[in-house]
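Presented below is the structure to which this report refers.
Number of protein chains: 2
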Amino acid sequence: MSLVIVGSVAFDTIRTPWGDRERIVGGSGTYCSLAASFFTRPRVVGVVGRDFPRKTIAFLRSRGIDLAGLKVKAGKTFHWEGKYGNDPNLRTTLRTDLNVFADFRPEVPPAYRGSRIVYLANLNPEHHEFVLRQFRRPAVVAMDTIRLWIETKREALLRELGRSTIFFANDEEARLITGETNLILAGRALAGLGPSLVVLKKGEHGALVFGRDFVFGALAHPCEHVIDPTGAGDSFAGGFLGHLDRSRALTARDVRRAAVYGSVMASFAIEDFGIGRFLALDRDLVEARFRQFRRLTAF
Amino acid sequence: MSLVIVGSVAFDTIRTPWGDRERIVGGSGTYCSLAASFFTRPRVVGVVGRDFPRKTIAFLRSRGIDLAGLKVKAGKTFHWEGKYGNDPNLRTTLRTDLNVFADFRPEVPPAYRGSRIVYLANLNPEHHEFVLRQFRRPAVVAMDTIRLWIETKREALLRELGRSTIFFANDEEARLITGETNLILAGRALAGLGPSLVVLKKGEHGALVFGRDFVFGALAHPCEHVIDPTGAGDSFAGGFLGHLDRSRALTARDVRRAAVYGSVMASFAIEDFGIGRFLALDRDLVEARFRQFRRLTAF
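Residue numbers (the numbering used here), protein chains in the order written: chain L, 14 to 312; chain X, 14 to 312.
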């Protein structure tokens with residue numbers, strides 16, 4: 014079992030209609046590795062400043078997360094500030110302080126180089142090459158992206174899509190990349206750009222997975238009160254890839270179940286601010302919610 | 014088996030980015046009864062003008078639809094004109110000519126009065142009482158509504174919700190009635206107003222069914238090219254109620270399958286302008302698509 018997650022480990026300031034939180038722990042690498050830790054022992058490549066709390070490091074370790082690839086550098090940790098309105102699918106970035114993340118050149122520890130699954134979480138696509146050539150021959154290269162790279166690094170993004178195995182995108186990103194309004198056409202168009210699997214995340218409406226010869230639809234957990242949508246997509250990827258790493262296979266059945274585990278982990282992430290919900294989570298609760306998804310969709 | 018559908022039988026003029034159609038046959042009663050006709054022999058209560066085409070009447074009869082309750086009156090048939098943009102979930106009404114529908118007081122033929130299921134398709138809620146007291150004791154009273162009645166007849170609408178068994182609403186209507194942005198809260202709030210079942214239709218994102226002790230989520234068929242979304246909701250209701258009439262029961266299992274049949278019939282309706290897709294449909298195609306829904310959601 015070997016899943017490497019290359020992503021940000023950060024502070025987030027979150028403003029929602031039901032409360033604010035200042036400089037709480039977040040970041041794509043944090044959410045993704047925490048979600049994956051309920052399935053496997055994920056490895057993290059990232060960077061934080063000396064201001065990053067030791068007790069969070071200790072908590073990540075206690076979840077079985079391998080932090081050999083997490084550098085601590087002089088300076089401040091990446092900080093993002095965002096605001097949500099009543100529609101949890103829409104957010105506004107108020108501020109981004111890259112800090113030690115600005116010149117982050119991900120270095121992969123020797124022990125990680127034979128890993129089976131590599132996930133590049135919203136990394137600048139121009140830096141993929143640098144990361145990927147540090148691995149021997151990963152079976153799965155998964156990636157997602159953000160609006161910024163779609164708009165400013167389109168060529169590199171399309172090139173990297175061409176050699177990825179799994180691409181995670183939300184509905185807005187899928188439409189921006191392909192120019193297709195219809196999500197089914199957008200999903201198929203993305204699959205045509207290279208990835209064997211395209212996972213379209215639709216927030217409260219669940220996710221669609223486009224494989225070579227199947228389409229799978231996963232619902233979102235019917236959540237009555239979304240506290241903080243931050244990290245939902247990264248937690249989805251963590252559950253998805255964590256399950257794939259645990260199952261050691263990529264059959265349609267594995268992928269379908271991976272998508273449901275992705276939805277499960279995203280559904281927990283949004284129930285509290287930041288990574289709060291993961292502090293009180295265990296495998297039994299994860300499996301119980303997986304069974305709830307069965308009841309939600311069985312007919 | 015006895016399902017009565019009280020609704021409009023009309024002409025629609027449809028404008029979409031991929032073509033227009035002038036005065037084609039539409040109406041909630043038409044779509045709903047056609048969709049239901051693949052499961053049962055629905056009965057229609059409605060009114061048309063003398064300009065309504067005989068060949069459509071003949072087609073509806075050929076589908077086993079009972080038209081004893083469809084009045085032909087001197088004057089013109091109800092005509093609606095609407096326009097869709099690239100997002101098929103959003104439409105603008107350009108024109109409404111009520112014509113013979115203006116003073117429509119639905120009269121229920123004696124042969125219909127013992128019917129088991131009565132569906133009031135977007136009728137003015139102030140007229141429900143007049144219709145319902147013509148029935149002996151229907152096991153199921155189903156209804157939906159439109160923005161107009163939510164905004165102008167709120168009190169009557171809430172009263173009628175209180176005595177309905179099944180309420181169909183789309184996401185916008187659910188939010189308008191309850192004031193809840195979150196669809197899960199909105200669905201539960203609607204269920205709290207009286208109906209045993211609330212069916213929230215979300216267009217391309219499927220539907221959510223709120224029962225007394227379960228929630229069920231049905232996906233939408235992954236449609237690559239929506240030709241004309243008109244009638245999708247009415248076709249959903251037709252498939253849903255047609256299946257419930259056929260199954261003669263209201264267990265959670267029946268309701269779950271009803272919701273999938275609703276999605277199936279809606280998915281056909283949007284594949285052509287007006288009722289075009291129903292002209293070339295048969296039960297085998299309906300069952301084949303039902304099986305596709307199983308493959309879409311199985312994990």
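The beta-carbon is built from N, C-alpha and C at its ideal position, and this holds for glycine as well.
By DSSP, does residue i sit in helix, in strand, or in coil?
| i | result |
| --- | --- |
| histidine 234 of chain X | coil |
| asparagine 137 of chain X | coil |
| valine 22 of chain X | coil |
| lysine 86 of chain L | strand |
| asparagine 183 of chain X | strand |
| leucine 80 of chain L | strand |
| threonine 109 of chain L | strand |
| arginine 269 of chain L | helix |
| arginine 67 of chain L | helix |
| valine 363 of chain L | Look at the range of chain L in this structure, 14 to 312, and you will see that residue 363 of chain L is not part of it. |
| glycine 200 of chain L | helix |
| isoleucine 240 of chain L | coil |
| glycine 287 of chain X | coil |
| isoleucine 13 of chain L | This structure cannot settle anything about residue 13 of chain L, because the visible part of chain L is limited to 14 through 312. |
| aspartate 157 of chain L | strand |
| leucine 170 of chain X | helix |
| aspartate 297 of chain X | helix |
| threonine 43 of chain L | helix |
| serine 177 of chain X | coil |
| glutamate 164 of chain X | helix |
| phenylalanine 253 of chain X | helix |
| glycine 246 of chain L | helix |
| threonine 310 of chain X | helix |
| alanine 282 of chain X | helix |
| leucine 206 of chain X | coil |
Name, in chain order, the residues that DSSP records as bridge partners for residue i.
| i | result |
| --- | --- |
| arginine 104 of chain L | L:Tyr97 |
| arginine 188 of chain L | Arginine 188 of chain L pairs with nothing; no bridge assigned. |
| tyrosine 125 of chain X | BP columns for tyrosine 125 of chain X are empty, so no partner. |
| leucine 16 of chain X | X:Ile130 |
| alanine 220 of chain L | L:Lys214 and L:Ala231 |
| threonine 29 of chain L | L:Gly32 |
| arginine 322 of chain X | Any question about residue 322 of chain X goes unanswered here, given that chain X covers just 14 to 312. |
| valine 57 of chain L | L:Ile18 |
| glycine 397 of chain L | Nothing about residue 397 of chain L can be reported from this structure: the residues present for chain L run from 14 to 312 only. |
| histidine 92 of chain L | L:Phe24 and L:Asp110 |
Return the chain-ordered list of same chain residues with a C-beta closer than 6 Å to the C-beta of residue i, the five sequence neighbours on each side being excluded.
| i | result |
| --- | --- |
| alanine 152 of chain X | Arg129 |
| valine 239 of chain L | Pro101 and Ile283 |
| alanine 199 of chain L | Ala187, Arg188, Thr191 and Glu193 |
| serine 46 of chain L | Ile18, Pro55, Val57 and Ile78 |
| glycine 40 of chain X | Ser21, Val22 and Ala23 |
| arginine 76 of chain L | Ser50 |
| glycine 255 of chain X | Ala49, Phe52 and Thr53 |
| alanine 202 of chain L | Thr191 and Glu193 |
| arginine 296 of chain L | Phe51 |
| serine 248 of chain X | Tyr44, Ala48, Met278, Ala279 and Ala282 |
Among the residues of its own chain, which have a CB less than 7 Å from the CB of residue i, if the five just before and after it don't count?
| i | result |
| --- | --- |
| leucine 206 of chain L | Leu171, Leu174 and Gly175 |
| aspartate 184 of chain X | Leu196, Leu213 and Lys215 |
| alanine 265 of chain X | Gly224 and Phe227 |
| phenylalanine 148 of chain X | Val121, Arg126, Ser128 and Val131 |
| isoleucine 163 of chain X | Leu170, Glu186, Leu189 and Ile190 |
Taking 8 Å as the limit between beta carbons, can you name the residues of its chain near residue i, skipping five residues before and five after?
| i | result |
| --- | --- |
| phenylalanine 312 of chain X | none |
| proline 208 of chain L | Leu174, Ser177, Thr178, Ile179 and Phe180 |
| leucine 292 of chain X | Phe72 |
| lysine 166 of chain X | Asn137, Pro138 and Glu139 |
| valine 277 of chain L | His234, Gly252, Val299, Arg302, Phe303 and Phe306 |
| arginine 160 of chain X | Glu185, Glu186 and Leu189 |
| phenylalanine 88 of chain L | Contrary to the premise, residue 88 of chain L reads as glycine rather than phenylalanine in this sequence. Correct list, in chain order: Gly62, Arg63, Asn112 and Val113. |
For the ligand NAD, I want to know if residue i counts as a neighbour, meaning its beta carbon is within less than 6 Å of at least one of the ligand's heavy atoms.
| i | result |
| --- | --- |
| isoleucine 18 of chain X | Ligands displayed in this structure: none; no statement on the ligand NAD is therefore possible. |
Next on the checklist: Tell me which residues of the segment 257 to 274 of chain X have at least one Cβ-Cβ distance to chain L shorter than 8 Å, keeping chain order.
Outcome noted: Against chain L - using a Cβ distance shorter than 8 Å - the residues of the segment 257 to 274 of chain X are Arg266, Arg269, Arg270, Ala272 and Val273.
Next on the checklist: I want to know whether the segment 228 to 246 of chain X touches the segment 267 to 286 of chain X - three or more CB-CB distances under 8 Å.
Outcome noted: The segment 228 to 246 of chain X vs the segment 267 to 286 of chain X: in contact.
Item to check | Near-chain L residues of the segment 277 to 310 of chain X (beta-carbon distance less than 9 Å), N- to C-terminal order | outcome: Only those residues of the segment 277 to 310 of chain X whose C-beta falls short of 9 Å from the nearest C-beta of chain L are listed: Phe306, Arg307, Arg308, Leu309 and Thr310.
Next on the checklist: For the segment 191 to 203 of chain X, list every residue whose C-beta sits within 9 Å of some C-beta in chain L, in sequence order.
Outcome noted: Thr194, Asn195, Leu196, Ile197, Leu198, Gly200 and Arg201
Checklist entry - With a cut-off of 8 Å, do at least 3 Cβ pairs link the segment 69 to 77 of chain X to the segment 212 to 226 of chain X? => result no
Next on the checklist: Against chain L, which members of the segment 201 to 227 of chain X pass a CB distance test of less than 8 Å?
Outcome noted: Arg201, Lys215, Glu217, His218, Gly219, Leu221 and Phe227
Next on the checklist: Is it the case that the segment 82 to 92 of chain X contacts the segment 127 to 145 of chain X, given that we only count it when at least three CB pairs across the two stretches are under 8 Å?
Outcome noted: no
Checklist entry - What are the residues of the segment 89 to 101 of chain L that lie near chain X, defined by any Cβ-Cβ distance shorter than 7 Å? => result Asn99 and Asp100
Checklist entry - Does the segment 20 to 34 of chain X come within contact of the segment 240 to 255 of chain X, defined as at least 3 CB pairs closer than 8 Å? => result Yes, the segment 20 to 34 of chain X touches the segment 240 to 255 of chain X.
Checklist entry - Which of the residues in the segment 225 to 247 of chain L, read from start to end, lie with their CB under 8 Å from any CB of chain X? => result Phe227, Val228, Phe229, Gly230, Ala231, Leu232, Pro235, Cys236, Glu237, His238 and Val239
Checklist entry - Which residues, taken in chain order from the segment 45 to 63 of chain X, show a beta carbon closer than 8 Å to some beta carbon of chain L? => result Of all residues in the segment 45 to 63 of chain X, none comes within less than 8 Å of chain L when Cβ atoms are compared.
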